[in-house]
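In the working numbering, the protein residues as written are 3 to 270.
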């Protein structure tokens, strides 16, 4: 339950709230379960605040400081969080569906099992973020920085990852059905057993990526760089490999049935 005094201070306005926080740096504010939907909290200083199970749906949180805040199970549906600082925040099982997080900082944040469907993360920073089992279907992560992020078993169907930075990202067993990864940077990414059926990977950089037993049925890999990649046991049935660099790649047990090979000839 939210502390009534803390909630009252927040609702008294940004100036009063900031004065109180600066005067009482040793107090960790508790706003858990509060109803703050549609509230204007632009630029609010909410670092380290307990906001678990809070309702912030449709709230305005542009440039808010939520560093290390507890937002577990919070409702942030359609909240506006552009340029917000959510670094090291706890957001497990939170609802961020259709939220706007353009240019937001979510480095080292924990979002296990969260609903991020149709959220806008364009240009956001998610370095080393924990996104295990999240729902990112139809989300926009174009130009996002997901360096070393954990996305294993995540749902990324129809997700926009065009030119995203996915260096060393763990996407093992992730569902990337029809995801758009055109020009994505996947150096040393782990895509073991990932579902990449009909995924768009043209011009993607997959140098030394792990694609062991990945399902790339019908995927478009035209002009992708798969140099040194591990494709052992992968399914490339009906895939487009025109112009692909497979130098030094492990192709043990790969299914190339009906695939268009790098030289443009269809495999029988």
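Built from N, CA and C at the ideal position, the CB exists for glycine as well.
My guess is that residue i and residue j are in contact by the Cβ rule of under 8 Å, so how many angstroms apart are they, rounded?
| i | j | result |
| --- | --- | --- |
| residue 266 | residue 244 | 5 Å |
| residue 52 | residue 69 | That pair is no contact at about 14 Å. |
| residue 81 | residue 111 | About 15 Å separates the two Cβ atoms, so there is no contact after all. |
| residue 139 | residue 119 | 5 Å |
| residue 234 | residue 214 | 5 Å |
Which residue wins for smallest C-alpha separation from residue i, given the options the options?
| i | options | result |
| --- | --- | --- |
| residue 37 | 28, 10, 138, 109 | 10 |
| residue 227 | 183, 122, 83 | 183 |
| residue 132 | 234, 104, 109 | 109 |
| residue 193 | 127, 236, 159, 125 | 236 |
| residue 255 | 216, 249, 247 | 216 |
| residue 83 | 251, 98, 76, 102 | 102 |
| residue 2 | 195, 197, 203, 29 | Nothing can be reported for residue 2: it is not among the residues displayed for the chain, which extend from 3 to 270. |
| residue 30 | 14, 8, 200, 15 | 8 |
| residue 78 | 225, 88, 86, 58 | 58 |
Report buried or exposed for residue i, applying the criterion of at least 16 other Cβ atoms within 10 angstroms of its Cβ.
| i | result |
| --- | --- |
| residue 161 | buried |
| residue 107 | buried |
| residue 41 | buried |
| residue 21 | exposed |
| residue 17 | exposed |
| residue 222 | buried |
| residue 104 | buried |
Can you find the residues in the same chain that come closer than 7 Å, C-beta to C-beta, to residue i, ignoring five residues on each side of it along the sequence?
| i | result |
| --- | --- |
| residue 43 | 61, 62, 63, 66 |
| residue 23 | 47 |
| residue 1 | What the structure shows of the chain is the stretch from 3 to 270, and residue 1 is not part of that stretch, so it cannot be assessed. |
| residue 172 | 152, 153, 154, 192 |
| residue 249 | 229 |
Output needed for residue i: all residues of its chain with C-beta closer than 8 Å, excluding positions within five of it in sequence on either side, in chain order.
| i | result |
| --- | --- |
| residue 146 | 123, 124, 125, 126, 127, 128, 163, 166, 167 |
| residue 19 | 11, 12, 46, 47 |
| residue 257 | 236, 237, 238, 239 |
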